[in-house]
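*Asks:* Okay, so the sequence shown: first residue is 18 according to this note's numbering, each after it adds one.
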Amino acid sequence: MENELKQLCKRMRLAYVYDYVTEENKSEVLYEELLNCLKYEQREREHAKADRLIRKAGFKSTKPISQYEWHDQIGIPSSTSRQELVTLDFLHRRENLILVGTPGTGKTTLATALGIEACRNGKDVQFYRVMDLVDKLQKASHRGTLARTRKTILKCDLLILDELGYLPLDKEGAELLFHLISDFYEEKSLIITTNLEFSSWSKVFQDSRLTSALVDRLIHHAHIFTFAGTSYRYTNALSQFRN
């Protein structure tokens with residue numbers, strides 16, 4: 018108990034609390050009460066930090082991984098398991114997740130849930146729709162603040178890029194996104210959701226050489242998930258119409 022209290026005081030940067038309870042051989046009851054109090058304080062600090070990180074991330078929903086509805090048309094790589102996803106092994110190894118498939122099959126929901134789980138583990142996460150991020154980078158470039166904007170994004174532990182492929186990018190936007198993704202290569206993790214197979218990415222970036230270089234970087238350390246089936250949104254709307 019004494020060693021646990023000492024380590025907890027150290028982690029919480031309480032330089033003199035441990036000295037107080039040890040200098041005059043305080044009772045075990047005091048040890049236990051103080052230890053329980055500090056454990057509570059630590060838990061609440063962690064919860065508050067997680068809530069701040071979640072708000073800051075820019076998620077469009079707050080559904081946690083525990084509520085994610087897995088379905089049998091999600092193709093999970095043989096080298097990956099659900100448990101490894103939940104424990105964020107890919108993030109610890111600085112690997113990427115690429116979620117490919119038809120709209121409405123759970124890609125964004127899974128990406129968001131994993132991002133929330135990362136926040137719960139004290140990680141800095143940023144979530145962007147691809148077109149929103151490209152627009153942000155282009156505006157920063159025109160204002161002369163691109164370096165500062167890139168630095169802010171590159172500070173995060175996990176960058177989630179949603180809806181790659183829904184709209185084509187112009188030359189400037191494609192190059193800005195390419196350079197940002199390149200800076201994450203083997204340094205930080207990315208989660209990308211897309212409705213396009215890799216062979217069609219040149220339609221988005223409109224440059225075959227840039228596309229090839231980008232895909233090469235992304236898949237080098239990546240787990241690729243495929244999503245099939247009917248859109249949840251379409252199925253839900255259809256059921257309501259029938260009712």
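Idealized CB from N, CA, C, for every residue including glycine.
1. In three-state DSSP terms, what is N212?
2. Which of the three DSSP states, helix, strand or coil, is assigned to G92?
3. Cβ atoms of G123 and L175: under 8 Å apart, would you say?
4. If I measure Cβ to Cβ from C26 and keep anything under 6 Å in the same chain, skipping five residues before and after, which residues do I get?
5. When you compare only the Cα positions, how much space is there between S256 and G121?
6. What span of residues does the beta strand (DSSP E) with G11 cover, start to end?
7. Cutting at 8 Å between CB atoms, please list the residues of its own chain near E189, excluding the five before and the five after it.
8. Terminal residues of the continuous beta strand (DSSP E) containing L178?
9. Which residues does DSSP list as the beta-bridge partners of Q143?
10. Do L186 and L194 have their beta-carbon atoms positioned less than 8 Å apart in this structure?
11. Taking three-plus beta-carbon pairs below 8 Å as touching, is the region 137 to 152 in contact with the region 65 to 80?
12. In three-state terms, what does DSSP make of A74?
13. Mind pulling the beta strand (DSSP E) runs of 3 or more residues that sit fully within the region 182 to 245?
14. Please determine, among L70, I115 and C54, the residue with the shortest C-alpha to C-alpha distance to K172.
15. With a CB to CB cut of under 8 Å and the five nearest residues on each side skipped, what residues in its chain are close to R259?
*Replies:* On the basis of the coordinates in this document:
1. coil
2. strand
3. no
4. V34 and Y35
5. Legend: pLDDT at S256 = 46, less than 50; position of this residue unreliable, value from coordinates given subsequently. Each residue's Cα considered, the two are about 15 Å apart.
6. Since the first residue of the chain shown is 18 and the last is 260, residue 11 is not available in this structure.
7. Q155 and S158
8. L175 to L181
9. L176
10. yes
11. yes
12. helix
13. 206 to 211 and 239 to 244
14. L70
15. Caution applies to R259, whose pLDDT of 48 falls short of 50 and renders its modelled position unreliable; the value that the coordinates give is listed next. If we look at R259 and ignore the five residues flanking it on each side, it has no Cβ neighbours.
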